[in-house]
Amino acid sequence: MTFDPVQVSHLIKNRRSIFPKNYSGERVADEVIMEMLENANWAPTHKMTEPWRFTVFCDEGIESFADYQAERYLKSAGKKPDADRLKKLKSKPLMCSHIISIGMKRNKSVPKMEEVAAVAAAVQNMHLTATANGVGCYWSTGGVTYDKKAKAFFELGDKDLLMGFLYIGIPKADKWPIGKRKSIDKKVRWIKK
Ligand SMILES: Cc1cc2nc3c(=O)[nH]c(=O)nc-3n(C[C@H](O)[C@H](O)[C@H](O)COP(=O)(O)O)c2cc1C
Numbered sequence: 130m131t132f133d134p135v136q137v138s139h140l141i142k143n144r145r146s147i148f149p150k151n152y153s154g155e156r157v158a159d160e161v162i163m164e165m166l167e168n169a170n171w172a173p174t175h176k177m178t179e180p181w182r183f184t185v186f187c188d189e190g191i192e193s194f195a196d197y198q199a200e201r202y203l204k205s206a207g208k209k210p211d212a213d214r215l216k217k218l219k220s221k222p223l224m225c226s227h228i229i230s231i232g233m234k235r236n237k238s239v240p241k242m243e244e245v246a247a248v249a250a251a252v253q254n255m256h257l258t259a260t261a262n263g264v265g266c267y268w269s270t271g272g273v274t275y276d277k278k279a280k281a282f283f284e285l286g287d288k289d290l291l292m293g294f295l296y297i298g299i300p301k302a303d304k305w306p307i308g309k310r311k312s313i314d315k316k317v318r319w320i321k322k
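Quick note: the sequence shown uses our numbering, first residue 130, plus one each step.
Pasting the structure below:
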């Protein structure tokens, strides 16, 4: 089997987080979303637990998602909800074409860290597939991510983990950002003898 390593590196380095304010409002074809999900399913997984679980929200489903986030926020915020936060929770999802909730189905046969790592690898597969298709997305751990009571809405049990959301949209024409990283040299140690 052969792959073009230059193309692979190019794809990896040009994968960017692109945020809803930079989406054009066009709808991403469901076929692209399905390809992203299919590729997510090929992430590595110890003991083949395949712990990733996704819910795809699109069309009116996005409104249900936004309403749910806002409702949960109002329930948890007490008497003085922050009006700006509430507005963002409602409006940001509506800028997206699709939103995918990222869940981890806990399987006690491997340590939790390994299950989280497998789901993160699945998300990276989705993100790279989106990039290859010119589709923008970003992994959000905002909203109801850490709200334990929200798990059931995404069909996750108490022991499972809600790991956030992939916000997805077609980027505005000039909105593919340039990335930056500090050099790998200071993050690696080589031992040769
Ligand atoms: C697990 C995880 C959670 C993230 N959560 C957020 C988030 O809640 N809000 C946000 O603006 N970006 C979030 N990001 C995206 C990062 O901000 C982004 O990956 C980083 O700025 C590097 O940019 P790049 O993805 O374009 O390389 C998250 C990324 C990861 C991997």
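Heads up, the beta-carbon is just placed ideally off N, CA and C, and yes, glycines get one too.
Every value quoted in this text rests on a predicted model; they were computed, and no experiment measured them.
Looking at residue j and residue i, is the spacing between their C-beta atoms short of 8 Å?
{"i": "Tyr202", "j": "Leu215", "result": "yes"}
{"i": "Arg145", "j": "Gly298", "result": "no"}
{"i": "Thr258", "j": "Met165", "result": "yes"}
{"i": "Pro180", "j": "Asn143", "result": "no"}
{"i": "Ile191", "j": "Ile162", "result": "no"}
{"i": "Pro149", "j": "Met255", "result": "no"}
{"i": "Ile140", "j": "Ala279", "result": "According to the sequence displayed, residue 140 carries Leu and not Ile. Cβ atoms of Leu140 and Ala279: not closer than 8 Å."}
Hey, residue i and residue j are a contact pair by Cβ (cut 8 Å); roughly how many whole angstroms apart?
{"i": "Val252", "j": "Met233", "result": "Going by Cβ atoms, the distance from Val252 to Met233 rounds to 11 Å, so no, they are not a contact pair."}
{"i": "Lys219", "j": "Ala206", "result": "Wrong, their Cβ atoms sit about 13 Å apart, outside the cutoff."}
{"i": "Asn151", "j": "Gly265", "result": "7 Å"}
{"i": "Ala250", "j": "Pro306", "result": "Their Cβ separation, rounded to whole angstroms, is 23 Å, which puts Ala250 and Pro306 out of contact at 8 Å."}
{"i": "Trp268", "j": "Leu291", "result": "No, Trp268 and Leu291 are not in contact; Cβ-Cβ is about 13 Å, not under 8 Å."}
{"i": "Pro222", "j": "Ala246", "result": "Pro222 to Ala246, Cβ: 27 Å. No contact."}
Determine the burial state of residue i: buried for a count of at least 16 other Cβ atoms within 10 Å of its Cβ, exposed for fewer.
{"i": "Ser230", "result": "buried"}
{"i": "Val135", "result": "exposed"}
{"i": "Asp159", "result": "exposed"}
{"i": "Met130", "result": "exposed"}
{"i": "Leu285", "result": "buried"}
{"i": "Arg182", "result": "buried"}
{"i": "Gly272", "result": "buried"}
{"i": "Tyr275", "result": "exposed"}
{"i": "Ala281", "result": "exposed"}
{"i": "Ile147", "result": "buried"}
{"i": "Pro300", "result": "buried"}
{"i": "Glu244", "result": "buried"}
{"i": "Ala212", "result": "exposed"}
{"i": "Gly263", "result": "exposed"}
Any heavy atom of ligand 3 closer than 7 Å to the Cβ of residue i?
{"i": "Glu167", "result": "In the structure shown, ligand 3 is absent; the only ligands present are ligand 1."}
Can you list, in chain order, every residue whose CB sits closer than 6 Å to a heavy atom of ligand 1? Arg145, Ser146, Tyr267, Trp268, Ser269, Thr270, Gly271, Gly293, Gly308
How do the stretch 155–173 and the stretch 182–190 stand: do at least 3 beta-carbon pairs fall below 8 Å, yes or no? yes
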